[in-house]
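Inspection log for the structure reproduced underneath, given as structure tokens.
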Amino acid sequence: MHVDFESELWVWAARPDEGWTFVTLPVDASDVIRDLTAGERRGFGSVRVEARIGATVWRTSIFPDSKAGAYVLPVKKAVRKAHSLEPGDKVTVAVELVGY
4 MHVDFESELW
14 VWAARPDEGW
24 TFVTLPVDAS
34 DVIRDLTAGE
44 RRGFGSVRVE
54 ARIGATVWRT
64 SIFPDSKAGA
74 YVLPVKKAVR
84 KAHSLEPGDK
94 VTVAVELVGY
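With the first letter of the sequence shown counted as 1, position 56 gets the number 59 in our numbering; the numbers rise by one all the way through.
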């Protein structure tokens, strides 16, 4: 499954000093991902993905966020730096499930 979306970068409020920065996947795509991966999730309910912002591609995991009812994708510092991204910026993201 492949998902293209636009989302705003945000910092995890539980640990703001650590700089954990995320984007939230669309709820409808998250529902499909939940159905596709039922029973096959990893720790913390994570799902392996390949993510792309601009020309930068990396492998990581998405995590369920019960508040948003959607998965969230961590965007590592190297990616944010390469694209001059800051929390609050809107970014176009592509996510592909790995192994599905």
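Think of the CB as a built atom: it goes at the ideal place given N, C-alpha and C, for glycine as much as any other residue.
Let me know if residue 39 comes out buried or exposed under the rule of 16 or more other beta-carbons within 10 Å of its beta-carbon. So residue 39 ends up on the exposed side.
Suppose the cutoff is 6 Å on Cβ atoms and the five residues either side in sequence are ignored; what does the same chain contact list for residue 68 look like? 75.
Can you tell me where the alpha helix (DSSP H) with residue 30 in it begins and where it stops? For residue 30, the enclosing alpha helix (DSSP H) covers residues 30-39.
Tell me which residue opens and which closes the beta strand (DSSP E) that residue 80 is part of. Premise fails: residue 80 lies in the alpha helix (DSSP H), 80-85, not in any beta strand (DSSP E).
What separation, rounded to the nearest whole angstrom, lies between the Cα atoms of residue 98 and residue 31? Cα to Cα, residue 98 sits roughly 14 Å from residue 31.
Less than 8 Å separating the beta-carbons of residue 10 and residue 26? Yes, the pair counts as a contact, with Cβ atoms nearer than the cut-off.
What span of residues does the beta strand (DSSP E) with residue 76 cover, start to end? Annotation for residue 76: the continuous beta strand (DSSP E) segment containing it runs 73-77.
Would DSSP call residue 68 helix, strand or coil? In the structure shown, residue 68 sits in a strand (DSSP, three-state: E or B).
For residue 86 and residue 15, I'd like the C-alpha separation in whole angstroms. For residue 86 and residue 15, the distance between alpha carbons rounds to 20 Å.
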